[in-house]
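In terms of the numbering used here, the sequence shown has 160 at position 160, counting the first letter as 1, and numbering is strictly consecutive.
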Amino acid sequence: MTADRPSALAASAERLSAGALLAAGVAPNEANLRHEIELLLRGECAALGIPYAPFNLERALRGDARTIAFADVVHGGVIIEYEPPRSFGGGRKRANIAHAKDQAEDYAARMAHEEGRPIGDYVLVVFDGAHIAFGAVDGPDGGRPSAGDRAARWERLLPFDAAGARRLLTELEGRGRPLVHPALLRCLVGPESAVGEKLIPALFTAVAAATAAGRGQSGTALLFAEWRRLFGQAVGIPTDRLRAFLLRQSDAHGVPYGTDVPCYLFALHTHIALVAKLVAALALPHPSEDIRDAGVPLIERIRTLESGTLFADAGIVNMLGGDFFSWPAEDAAWPAIETPLAALLDQLGHMSFDMTHRDPGSVRDLFKGIYEQFVPRELRHALGEVYTPDWLAAHTLDRLDWRPEDDLLDPTCGTGTFLLEALRRRLIAAGTAGARPTAAQLLAGLAGMDLNPLAVLSTKASMVVILAQRLDPADPVRLPVFLSDAINTATVDADGDFVHRLQTEADVRVFRVPEALVRSGAVHAFFDRMRLLIVSGCSGPEVMAGLAPVLADLEPARIAAVAATVAELLELYARSGGQGRHWEGLWCPILADRFAAGAIGRVSHIAGNPPWVKWSHLPPAYAAFVKPLCQTINVFSQDRYVGGIEADISTIITFIAIRTWLADGGRLGFVITATLFSNESSQGFRRFANPDGTPMAAVLAVEDFKELRPFEGVSNHPALLLLEQGRATRYPVPYRLWLPPVATDPAPVFTDGRSFRAAARFVDLVAEPVAGTDAGPWLKGTPADHALWQSLFDAGAPSAYVARKGVTTDRNGIYFLRLGVRRANGLVPVANDPDGAGRTAGIARLSMDIEADHLFPLLRGRGLSAFRVVPDPDYRILVAQRGMHGDPALMTQTPRTLRFLSRFREELEKRASYRRFQKGKPFWSTWSTGPYSFSPFKVLWKEMSGGRFCAAYVGSIDDPVLGPRVAVPDHKLYMVALETEEEARYLTGFLNAPTVAGAVGAYAAALSLGTSVIEYLRIPRFDPADDHHRRIAALAGAITDRQGTAPPAAPGPRPRRARRGAPAGSHGGEAIRETGAAG
């Protein structure tokens, strides 16, 4: 403290006390009083150089209970509960004081839960402007103590004078710096904060200018191009929600982000990356340079940050490898970026990054919250980035029986939730044992990788903040998180080299590094040395000479492999147009990470939440790049082909993780979509077998979280899959359904795995494949259910019936037609409806009269319920064929129909189904069409049931325009074609029986029922001589007659007519029970 510090503090205290008393005398209410005193505090803190944290005013707090409270003012570890002016001195002073103290104590408990700071670290203040009291709370750390668990210690209430003001300022100086936490980071640097409103537009404008046509190849443009290639599958996705988000952000920032979505997202990621790097640097306890030193130009401080020397000097080998976001200080727009970036650094400078003040049990993913807040949900979901809540990660490790001494790999780690949960447990175990392990010891055996460079950087930053006090420059550590693709990993070839094929913006490159060098742990230092030599302008021989000390013990063939890698990098550098700072600063560290990831050995445990992205949603270039690998791992179904499959990419990652990294007897726990256990395209996945058919891993259990909705803002079907490497699955396997706690909302919040298991309910079932299949969809039910289902299912036996898909037009906007009143000459006025019936843009509207021969009532999924099917009231379907392909002979009698379709020939020939299945056939051909489409009777069910499975049958329809005619289903319906109504009734009754419908629902994914309904069930063929069959048919017919089948609407205001006079509003619920009794 300087000599004049006491006098400065005394003067500030006098001014603060006088000002507060004046405010208490004139303020009409609590809000005004708080506002005036906080203004006084801001001024005096500035005068004394005390951090002031205005972003904590009225901060929302969420405790263990799901209630939300608002603390009046939270200044780091100082909680001020304001009360109305002079309310501690009136007639109700005791009640007012007691209320204020109780509020402050509760806020402290909630803050301890949110921040992880021990509750005893908080100073409590109750203040009415004229009186003040200070207090503290004793209680268990690491959570929110209940009122009974905590004991408050309050000093006497005193008049607020200079002594009280001095005490308040002293507490703010000692404890007023807020502890870094995701909620504070969001508030400090969020898109709608004062910093975000200035910095993000500046970054966006810079990127847009750097990538504009004719600007040349700047370093910013090069980094942007490579980043965009990595994320090409999602940037610019044209969803309504993304447009709304961009519109909101554009309005807030005054910049039209919607004009270039990729540039906006790159600016957004750069902004978050700057926060992550600055937070990590500020957390270093003894940095080699102070990035807050205003005496050094900001551009030099940022260059120092981006160089990585701060972290290297602190004992971190690989903090900033493969950094796509290091461009701002080298961009021409730096003058516009400098001011808002300085404001960001100033805001972060008010925070404390000392984790010694935090309970080890509260260690969490520091940047997950800010990433979720910043990056639009639509983009995160398109990338498959559904971030795992902390409690689910903790529960996963619990179910894997993971212990702090075990290994753990997360091959798609995102922002590090599972790894940081493991690190948290190691810190707790060390504290319990009274040990103080080094950073290297805490990280030993942990490893993660991800393709998202921002996620990798965020994970590293979280680790730095957590481990900063344990770093030792004399014993540097490599953070075990790598920018790498779990699918395309570096592998060892027969010559003893690690080989990696890498996609760049230019082409695919092959790099080789000797296995001994990669496994030595020096691969990052090796590539960093190579980078420095290349960007210094060295030739190939000169680079090799500079690397010679490292290569001295290698045989000539291995040295030649390194020379080939150097040649590849030199060529890339030459193509960069002299942008060496960016270009080689990118690829050398990326290669180091790729090879380091490839060298991860076998581990005892793997856990994670791999991306939920369907193969068809991958960028075509990337899908083609990894296709050969994926075809060799036995994950796809036999009847699906790479490129046309709908397998989820998480299945591929699961197989690769087991085969590449999981030790014999090791365990894997992945959060994946539960539809993988039901849909047809995942049959290969459910075998859990090696390509030679030998068992790869056994399913230990599955836990279903659909009803809990653990992912914020997402209604999906998550499940936890638990596997053990090296043995075969024994069915049935345990299948647990988790349910929300009683009397709570459907998306409760849990603090950890233990609190989740204590609060949530569950139902234990078992699961096994449909009988007769080796890896068919799983039936999930009780043991009694499975005993019954054994008599219902037999997929291995020939089916008595054949299921078919409805007509696939691929252009409903052409084939679904609105009809007018039939002309006297027999022609029918028709008009297609591209907007109402179709999704393909650019289809013309056409109205003309055509023949009625190929027009049929249209059946769609929305019109089907149990025992009732209603033709579409607005459209009929045009089907100009009676077999598998269009028949030119039919068109000889219907030239106007041919003319109508010919208008759309070019569009029809572009259809995917036509190009794949019917190329060379008449252009109007529709797929999944045949004689069965026109059968007299059809038993139908929905492809997407949306709930309980049900069926109905249909015969001819008395169409008000077309007259009596068979109805034709579209591709969202499946059917069995039959010749007699009695057999149609029988099959409908059989399928709607509660036992049968429930059994189908036990395996069927909500999005795909398909032909398996008929192929899996053991359905006896209808026998008219069998009394039971006739009874089922009679009951189903009676129910259908009660339900009725409404015809399509006639043109104009003509009322609908219901077949067989079905009463309005009737339904088949009780009828289903009748049929079940009959069965």
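Glycine residues also receive a C-beta, built at the ideal position from the N, C-alpha and C atoms.
With 16 other Cβ atoms within 10 Å as the buried cut-off, status of residue i
i: D106; result: buried
i: H854; result: buried
i: N832; result: buried
i: K942; result: buried
i: R403; result: exposed
i: R175; result: buried
i: F88; result: buried
i: A447; result: buried
i: H1028; result: exposed
i: P145; result: Unreliable positioning characterises P145 in this predicted model, as indicated by a pLDDT of 45, which lies under 50. The coordinate reading is nonetheless provided below. It is buried - the Cβ of P145 has at least 16 other Cβ atoms within 10 Å.
i: P541; result: exposed
i: F1166; result: As displayed, the chain neither begins before 1 nor continues past 1079, which places residue 1166 out of reach and without an answer.
i: G521; result: exposed
i: E555; result: exposed
i: A621; result: exposed
i: K919; result: exposed
i: G76; result: buried
i: R667; result: buried
i: Q893; result: exposed
i: N29; result: exposed
Cβ-Cβ separation, residue j to residue i (assumed contact under 8 Å), whole Å
i: G1001; j: R948; result: 6 Å
i: Y1131; j: T356; result: This structure cannot settle anything about residue 1131, because the visible part of the chain is limited to 1 through 1079.
i: F1022; j: E983; result: 4 Å
i: V137; j: G120; result: 7 Å
i: P931; j: G883; result: 6 Å
i: W778; j: Y953; result: Actually they are not in contact, since the Cβ atoms of W778 and Y953 sit about 29 Å apart, beyond 8 Å.
Cβ neighbours of residue i in the same chain (closer than 8 Å, five flanking residues each side left out)
i: G315; result: A439, L471, D472, P473, A474, D475, P476, V477
i: A336; result: A202, T205, A206
i: R811; result: G838, T840, I843, F904, E907, L908, R911
i: P888; result: P922
Residues near residue i by beta carbon distance below 6 Å, same chain, minus five either side
i: V456; result: D450, V481, L483
i: I814; result: N832, F904
i: G349; result: R292
Sub-7 Å separation of residue i and residue j beta-carbons
i: Q469; j: P285; result: yes
i: F867; j: R965; result: no
i: R177; j: P51; result: yes
i: I291; j: L454; result: no
i: S218; j: A212; result: no
i: G955; j: F937; result: yes
i: R659; j: P695; result: no
i: P85; j: A24; result: yes
i: H971; j: G861; result: no
i: V626; j: F685; result: no
i: L962; j: A803; result: no
i: M975; j: L940; result: yes
i: G781; j: A795; result: no
Own chain, CB closer than 7 Å to residue i, minus 5 neighbours either side, in chain order
i: D593; result: G321, G322, F482, L483, S484
i: N192; result: Here residue 192 is Glu; the residue named in the question, Asn, does not match the sequence. So the qualifying residues of the chain are A252.
i: W1094; result: Here the chain covers residues 1 to 1079 and nothing more, so residue 1094 does not appear.
i: H717; result: T673, A674, T675, K706
i: V543; result: M530, L533, I534, V566
Residue-chain proximity (residue i, chain C), Cβ-Cβ < 7 Å
i: H854; result: Protein chain content of the structure displayed is limited to a single chain, and chain C is not contained in it.
Practice task
Mind listing, in chain order, the continuous alpha helix (DSSP H) runs of no fewer than 4 residues lying wholly within the segment 178 to 225?
Solution key: 182 to 189, 196 to 210
Exercise for the section: Could you name each continuous beta strand (DSSP E) segment of 3 residues or more that falls completely within the segment 373 to 445, going from the start of the chain to the end? Expected result: 408 to 410
Practice task
Let me know the alpha helix (DSSP H) ranges lying completely inside the segment 324 to 368, each 4 residues or longer, listed in chain order.
Solution key: 334 to 348
Practice task
For the segment 652 to 726, list the beta strand (DSSP E) runs that are entirely contained and at least 3 residues long, ordered along the chain.
Solution key: 662 to 673, 697 to 704, 718 to 725
Exercise for the section: Run through the segment 789 to 820 for me and flag every whole beta strand (DSSP E) of 3 or more residues, listed as ranges in chain order. Expected result: 816 to 819
Problem - Entirely enclosed alpha helix (DSSP H) segments - the segment 943 to 995, minimum 4 residues - result: 981 to 992
Practice task
Enumerate, from N- to C-terminal direction, the unbroken beta strand (DSSP E) stretches of 3 or more residues contained entirely within the segment 760 to 785.
Solution key: Whole beta strand (DSSP E) segments, 3+ residues: 761 to 769, 778 to 781.
Practice task
Write down every uninterrupted run of the alpha helix (DSSP H) in the segment 998 to 1050 whose length is 4 residues or greater and which is fully enclosed by it, in chain order.
Solution key: 1012 to 1016, 1027 to 1043
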